[in-house]
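So the structure is just underneath, and the comments pick up after that.
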Amino acid sequence: MSVSKYWREIPHRYRLEAGKCKQCGKIYFPGRLICPECGGREFDTIQLKREGKLLTYTIIHVGPSRFADQVPYVVGIVELQDGVRLLCQVADCDLDRLQIGLPVKIEFRRISEEGEAGIIHYGYKCVPV
Amino acid sequence: MSRDVAIIGIGMSKWGELWDRSLRDIFVEAALAAIDDAGVDKIDSLYIGNMTAGLFTGQEHLAALLADYLGVAPIPATRVESACASGGLAVKMGYLEVALGMSEVVLVGGVEKMTDVGTDQATYALATAADQDYEVYHGITFPGLYAMMARLHMEKYGTTREQLAQVAVKNHYHGSMNPVAQYPQRITVEQVLNSVMIADPLRILDCSPITDGAAALILCPLELAKKISRKPPVKIIGIGHATDSIALHSRDDLTTLKATERAAQQAYRMAGIKPSDLDLAEVHDCFTIAEICVIEALGLVEKGQGGPATAAGMTTLGGKIPVNTSGGLKSKGHPVGATGVAQVVEIVTQLRGEAGPRQVANARLGLTQNMGGSGGSTLIHIMEVAS
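Sequence lines, in order, name chains S and A.
Reminder that position 97 of the first sequence reads as 101 in this note's numbering, one-by-one numbering, no gaps.
Reminder that position 101 of the second sequence reads as 102 in this note's numbering, one-by-one numbering, no gaps.
Below, the structure written as structure tokens:
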């Protein structure tokens, strides 16, 4: 991943910054330039709520090479308390605790690293509350 | 301004792991088969469906290359992309060119050469159909995205692990009667349930394979088809095309394929038919759960009833609405850009009555559904035997 791409994604990957439509109030993560709901073009920058629940999940047994050393690992779709949904890994969770509806919170974690002294990718994962 | 369009030629290359053949070879093999089948001596324009030859083989600028190797340059040639629905999109574009009177005879091809790279690079190439920054970044894979749909479908509607397996069992049964199928072996529910876990709850026998292959069609105006076609012309009577967010998590209902629902409504309206009028359908069973969600979105079964309907044999050859008589992506193979074109090849074969042991009795009306990624784009075509 190029340094410029990594750098410009830091606000939402590190700080969960999202865009809230000034016209209809819908929240987008990541932020957008136009609201598909109402066509609004002005947004406030807000921080997402960190608590939510697991909507669905899978346990990846065969992963991409960058994640090969992490298998088996859990990926889920989380609905945060402000209604925003995102996809992330579920960390620090025994597999037999996993279930739809599990209360989780978002934490800042290492996601993956590029080989041959490439950059380390950080971002958000969720953990059971 | 618009005129009726018919399919008068179909062709397929060999499908499988074709280490001795190049992308251009397999495309030309399918295209020549379609040209010979139609008995035409010239074509006016070429459309190619291809997802990502650049990542699979390093080759872009595909349309001109393939026109050259087919020996038809300097005709116009266009390559279109909509991930795994690239083939379906090529069919639509070819249809439009004929319908609008810009060309008389158009060749529509689909091709993907996937085994020139290792499994790792192939997985990377396929994953470009998902949201790179907000899905793939976190380590999700395509089996993983469909596995999350499957888990929710099971929770919401009571769909069982066995019912998912029944989709694979049925499609391999159909594929066992298709000479071009990559994996024509019949399989059992037990084999599916004991196969290697890929993304829980989906196992390797829930997944379509990596395939090299090409398919091609010859399209022309219906009036011309009636004069020159040696076989019953098949008329395209309905087209649907719709999109949805490519990120699964951005959808309101993770088990509803909204683009497929929307495209189906368009296609049914254009054709003036309802789902129960169909004699057969070829749908995008990239994973077993996909076929269940698709037959629900097409209105072939009630929402949530895809699993029980499959287990009851409703979609098996001889059932109320046979689905994927070709073996589907699961057994026939899934060279991504070729799939949408090959689905049309199967429907034309059936409507002509040339499907041999897998023939659907009195097939008059068929549908294809081809989708990109986890459902971010969908193309639907409805065809009938021209009277």
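Glycine included, each C-beta is placed from N, C-alpha and C at the ideal position.
These numbers were taken from a predicted model, which means no experiment stands behind them.
Which residues DSSP lists as bridging residue i, in chain order
i, result
"A:Ile49", "A:Arg80, A:Gly110"
"A:Ser378", "A:Thr244, A:Gly373"
"A:Glu297", "DSSP lists no partner for A:Glu297."
"A:Leu368", "A:Ala282, A:Ile383"
"S:Pro132", "S:Val108"
"S:Glu21", "S:Gln51"
"S:Leu84", "S:Gly56"
"S:Arg89", "S:Glu83"
"A:Ala7", "A:Cys221, A:Lys236"
"A:Gly17", "A:Asp213"
"S:Tyr32", "S:Gly23"
Cβ shell of residue i (< 8 Å), same chain only, five flanking positions each side left out
i, result
"S:Glu117", "Arg70, Ile123, Ile124, His125"
"A:Ala389", "This structure leaves residue 389 of chain A out entirely; chain A is present only between 2 and 388."
"A:Asp278", "Leu366"
"A:Gln266", "Gly241"
"A:Glu163", "Val190, Leu194, Ala312"
"S:Tyr18", "Phe112, Tyr126, Gly127"
"S:Arg36", "Gly23, Phe47"
"A:Val6", "Tyr96, Val99, Ala100, Leu220, Cys221, Pro222, Leu223, Lys236, Ile237"
"A:Glu61", "Ala54, Gly55"
"S:Ile50", "Glu21, Ala22, Gly23, Lys24, Ile31"
"A:Val197", "Arg204, Ile205"
Member of the options whose CA lies at the smallest distance from the CA of residue i
i, options, result
"A:Asp245", "A:Lys43, A:Ala130, A:Pro202, A:Gly102", "A:Ala130"
"A:Leu127", "A:Met198, A:Ile211, A:Ile76", "A:Ile211"
"A:Leu153", "A:Gly95, A:Asp201, A:Glu355", "A:Asp201"
"A:Val193", "A:Arg204, A:Ile199, A:Val349, A:Gln186", "A:Arg204"
"A:Thr379", "A:Thr311, A:Ala356, A:Lys275, A:Ala268", "A:Ala268"
"A:Ala260", "A:Gly377, A:Lys43, A:Thr142", "A:Gly377"
"A:Glu156", "S:Val133, S:Ala72, S:Leu59, S:Glu120", "S:Leu59"
"A:Lys232", "A:Thr350, A:Cys294, A:Ala100", "A:Thr350"
"A:Arg252", "A:Glu30, A:Met150, A:Ser388", "A:Met150"
"A:Ser332", "A:Ser375, A:Tyr125, A:Met178, A:Pro77", "A:Met178"
"A:Ala282", "A:Ala243, A:Leu249, A:Ser3, A:Leu318", "A:Leu318"
"A:Glu136", "S:Pro68, S:Gly87, S:Lys109, S:Ile31", "S:Pro68"
"S:Pro132", "S:Glu120, S:Arg114, S:Gln103", "S:Gln103"
"S:Gln1", "S:Gln93, S:Phe112, S:Tyr18", "The structure shown has nothing for residue 1 of chain S, since chain S only spans 5 to 133."
"A:His250", "A:Leu146, A:Lys275, A:Pro234", "A:Leu146"
"A:Lys43", "A:Glu61, A:Gly10, A:Asn51", "A:Gly10"
"A:Asp132", "A:Gly374, A:Thr160, A:Ala387, A:Leu67", "A:Gly374"
"S:Val88", "S:His16, S:Asp96, S:Ile31, S:Gly80", "S:Ile31"
"A:Glu347", "A:Gly314, A:Ile383, A:Met372", "A:Ile383"
"A:Gly55", "A:Tyr70, A:Met103, A:Gly102, A:Val118", "A:Val118"
"A:Val181", "A:Arg263, A:Leu255, A:Gly354, A:Gln344", "A:Gln344"
"S:Tyr61", "S:Ala121, S:Ile38, S:Glu83, S:Ile115", "S:Glu83"
"S:Arg54", "S:Lys26, S:Ile38, S:Leu20", "S:Leu20"
"A:Gln370", "A:Val361, A:Ala243, A:Arg270, A:Asp254", "A:Ala243"
"A:Ile381", "A:Thr340, A:Gly305, A:Leu255, A:Leu165", "A:Thr340"
Own chain, CB closer than 7 Å to residue i, minus 5 neighbours either side, in chain order
i, result
"A:Glu105", "Asp45, Cys221, Pro222, Leu225"
"S:Ile63", "Pro76, Val78, Leu99"
"A:Asn172", "Asp286, Asn325, Gly328, Gly329, Lys331, Ser332"
"A:Glu18", "Thr116, Asp213"
"A:Ser14", "Ile27, Glu30, Ala31, Gly214, Ala215"
"A:Gln167", "Val190, Thr311, Ala312"
"A:Arg359", "His175, Met178, Asn179, Leu318, Thr326"
"A:Asp69", "none"
"S:Leu106", "Lys57, Leu58, Pro132"
Residue i, buried or exposed, once every other Cβ within 10 Å from all chains shown has been counted against 16
i, result
"A:Asp280", "buried"
"S:Gly43", "exposed"
"S:Ile8", "A small correction: the amino acid at residue 8 of chain S is Ser; Ile does not occupy that position in the sequence shown. The residue is exposed, with fewer than 16 neighbouring Cβ atoms inside 10 Å."
"S:Asp48", "exposed"
"A:Asp207", "buried"
"A:Pro75", "exposed"
"A:Ser230", "buried"
"A:Glu113", "buried"
"A:Asn363", "exposed"
"A:Gly59", "exposed"
"A:Asp21", "exposed"
"A:Met52", "buried"
"A:Pro336", "buried"
"A:Thr120", "exposed"
"S:Cys130", "buried"
"A:Met103", "exposed"
The ligand SAH heavy atom lying under 7 Å from the CB of residue i
i, result
"A:Arg263", "With respect to the ligand SAH, the structure offers nothing, as it holds no ligand at all."
6 Å CB neighbourhood of residue i in its chain, flanking five on each side removed
i, result
"A:Tyr48", "Thr79, Ala91, Met94, Gly95, Val109"
"S:Leu91", "Ile81"
"A:Gly320", "Gly314"
Could you tell me which uninterrupted alpha helix (DSSP H) segments, each at least 4 residues in length, are contained entirely in the region 123-190 of chain A, listed from first to last along the chain? If we require 4 residues or more, the alpha helix (DSSP H) runs fully inside the region 123-190 of chain A come out as 143-158, 162-176.
Mind pulling the alpha helix (DSSP H) runs of 4 or more residues that sit fully within the region 249-288 of chain A? You should have 259-272.
Would you list, in sequence order, the uninterrupted beta strand (DSSP E) runs of no fewer than 3 residues that lie entirely inside the region 189-222 of chain A? Restricting attention to beta strand (DSSP E) runs no shorter than 3 residues, the region 189-222 of chain A encloses them at 198-201, 214-222, ordered along the chain.
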